[in-house]
C-alpha cells in the first residue's frame, strides 16, 4: 500500500516537473517558474526529422489563434509568452493542437521570501530560522503554482531547499573559495592569538600609554591594527587594554566604545579580512544578476569612495581624543572615572589579557605581524599576477590606470586563497620553529579557528540560497517596478538603502545577516531602476558603487546601535562594562556620526560632488559638534 502511494507520488512529480505533451514526436515544454507579467519561454521540440524538415520550411506556431514569432535552434522552436493570468494555452503546431496549463505566480509574491526572512529575524532575533523559512516558503510557492497541493508543495519545497538551493549555493567555485578563505583566516587568527603574537602587539603599543589621552589613542591604534577580524579585534583589544585604561582612569564605557567602534568599521573596509569574502560574493551575485562585466574586487574598491560611516566612525574617535571632549552619557562616565580612586584590586585582578593567562608563551609581536603582512603582500601579488594573465601592461597608460585595469581583470578569489593559506603556513612555521606550541596544539588551535567561522559560513550558505531563490522569482524586477511606479529618483536609492540597512541591522543585531538579506535585493534593483530612468553607464555604476557601500555602512551603524548585536555584547564583556551602560553611552555617538554620514556624505555624493570634499565637510561638522557640544574632560590622574 505504502509502496504504491510512493510510486504514485513519484510519477506525479515526474509529470509535474516535465510539463510536456507528446504526439508524433512533438513535445511542448514550458519554464518551471512562470511569473505573471514577465516573459516566459515555451519550447517546441520535434524529434521526428521529417516532421522537423516540414516545420522548418514554414515555422508556423499559433497560441490561442494568434501567430507567434519563433526562434529555431537545433530541432527546437522557442518563443516568448507573457502570461497575465491563469489560463490554458492552445498551441497549434503542424495541424496539431496542444493544451498547456499555465498558472503564473503573481510577481508580488516574489517579495515575500526575503520579507519573511526579515520579519522572522526581527521576531526571533535569530537569522538561521528566518532564512530557512524564507527559502522554504519561496520554494513551496513555486511548486504550488506548478500544480501541487499545499501539503505536497511544502514537502517539495523542503526537499528543494537542500537539493536545489543550498546545493546550488555550494556548487560554485567562487562560493567555495570564500568559504575556504574565511575558514583559513579564522584559523590564522586563532593561532596567532594562541602563540602570543596578538599579545605581543598589544604589549608593545601599551608601553606608550601614560595618560588618558594617550591610553585612548593606543587603544584606537590597536583596534585599527587588528583589522582582519572584528571578533578578534574586540576580544583582544578589550581584554588586554582594560587594565591599562583602569590604571589611567579611562571609563569602561569609553574603552568599550573605542573597542566596538574600531572592530566592525575597520573590518568592513579593509581589503583582507574575514568580511571580504562575503562582501565579494554578494557583489558578484549582484553583478551576475544584471549582466555586468565588472570585477567584484574592483567594485568593492570603488565602493570605498562612498564608505562614509565606517571611515567617519573611526576618525570621530580621534577627534574626541584630540579635543579631549565628550558629551552626553559618555561625558558623565568619563568624569566619574577621572574623579574616582583607582580600583587596585580590579586592576590587579584584571592585570593581564586573556592571552596573558598563557604565561609560558612569550608575547612576540612579529608572530602576528609576519603572517598578517604575508596575507597582505600575497594578496596584492596574487591580484597583479592573475590580472597580468588576462591583460598586458600598457606603456602608454599611467601607473594608476595600469594597476586599476590589472586588478579589475584579476582573479580575486585565487589571490585570496593563496594569501590565506600562505598566512596560515607562515604562522605554523613561526610557532613550531620557536617551540611556542606543539604540532598537536597548533592544529587544535587551527581547528578552533575553523569552528569560530562556522556560524558566518552557515549564514553565507543560506544567504546564497535565498539569493538564488529571489533570482528565480525575479524579486529585483518587482522592487524595481515599485520604485518606478512611485517615481523614486535613482539618486535617492543610496540614502534609502543606508536607512533600511541600518534599521534591519538594529533590529536583528547582525551586520552579516543584514548584508545577506539586502544585497541580493538592492543591488539588482538599483541597477535596473537606473536603466529604467535612462541613466548612462557611468552614472549607473556610480550609484551602484554607492549602494554597495551603503548596505555595508548601514549594517555597521545598526550593529553599533543595537543592544542585541554580537559585537556590542562582546565589547561590553571584553571591557568588563555593564552592557546597558555601553549601549547608552555609544548610541548618541553612533547616531551623530550616522546622521552626518547620511546627510552630508551619502545624500550629497549623488550630486557629483567629489567625495574627498564631502569627507572633509563631514569631518569639519563632526569637529564642530565635539568642539561646541562636547565638554572638556579632566586630563589628569589623581593619585
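Numbering (the numbering used here), first residue to last: 60 to 698.
By construction, the Cβ of each residue, glycine as well, lies at the ideal position given by its N, Cα and C atoms.
- Considering only 652, 479, 662 and 263, the residue with the shortest C-alpha distance to residue 682 is 652.
- Positions of the alpha helix (DSSP H) runs, each at least 4 residues long and wholly inside the segment 429–501, are given as 458–467 and 471–492 in order along the chain.
- Residue pairing for residue 187: DSSP places it in no beta bridge.
- Taking residue 362 as reference, the option from 227, 582 and 650 with the minimal CA-CA separation is 582.
- The alpha-carbon separation between residue 286 and residue 98 amounts to approximately 47 Å.
- Bridge partners of residue 88 according to DSSP: 102.
- For residue 350, the closest C-alpha among the options 421, 596, 687 and 85 is that of 596.
- Collapsing the DSSP output to three states places residue 551 in a helix.
- Judged by DSSP in its simplified three-state form, residue 384 adopts strand.
- At a Cβ-Cβ threshold of 8 Å, residue 423 and residue 255 count as neighbours.
- By the CB criterion at 8 Å, residue 454 and residue 607 fall outside the cutoff.
- Contact check for residue 156 and residue 147: beta-carbon distance about 11 Å, past the 8 Å limit, so the pair fails to qualify.
- Annotation for residue 326: the continuous alpha helix (DSSP H) segment containing it runs 311–328.
- Here DSSP, grouped into helix, strand and coil, assigns residue 153 to coil.
- Rounded to whole angstroms, the gap between the alpha carbons of residue 307 and residue 693 is 12 Å.
- Between residue 491 and residue 508, the alpha-carbon positions lie close to 18 Å from each other.
- The beta carbons of residue 560 and residue 617 sit closer together than 8 Å.
- Beyond the five residues adjoining it in sequence on each side, residue 626 comes within less than 7 Å, by CB distance, of 289, 293, 319, 322, 323 and 618 in the same chain, given in chain order.
- Every unbroken stretch of the alpha helix (DSSP H) spanning 4 or more residues and falling wholly within the segment 163–237 is given here in chain order: 171–183, 186–204, 209–219 and 226–229.
- The three-state reading of DSSP puts residue 342 in helix, counting H, G and I together.
- Around the CB of residue 531, 16 or more other CB atoms lie within 10 Å, so the residue is classed as buried.
- Pairing residue 260 with residue 485 gives a Cβ-Cβ distance that is not under 8 Å.
- One thing to note: residue 193 has its Cβ within 8 Å of the Cβ of residue 172.
- Taking C-beta separations shorter than 6 Å and ignoring five residues to either side along the sequence, the partners of residue 92 in its chain run 201 and 531, following chain order.
- Apart from sequence neighbours up to five positions away, the residues of its chain that approach residue 563 with a beta-carbon distance below 7 Å are 177, 573, 576, 577 and 617, ordered along the chain.
- Around the beta carbon of residue 282, a 10 Å sphere encloses 16 or more other beta carbons of the protein chains shown; the residue is thus reported as buried.
- For residue 148, the pairing in a beta bridge is given by DSSP as 159.
- Assigned with DSSP and collapsed to three states, residue 353 falls in coil, not helix or strand.
- Residue 130 carries a strand assignment under DSSP once its states are collapsed to helix, strand and coil.
- When secondary structure is reduced to three states using DSSP, residue 138 falls in the strand class.
- Boundaries of the beta strand (DSSP E) around residue 122: 120–122.
- Taking a contact to require three or more Cβ pairs closer than 8 Å, the segment 519–526 and the segment 264–277 do not qualify as touching.
- Residue state for residue 505 is assigned as helix, using DSSP reduced to three classes.
- Its Cα nearest to that of residue 152, the residue 138 stands out among 689, 277, 138 and 234.
- When C-beta atoms of the segment 369–389 are compared with those of the segment 670–679, three or more pairs fall below 8 Å, so the two segments count as touching.
- The three-state reading of DSSP puts residue 308 in coil, since its state is none of H, G, I, E or B.
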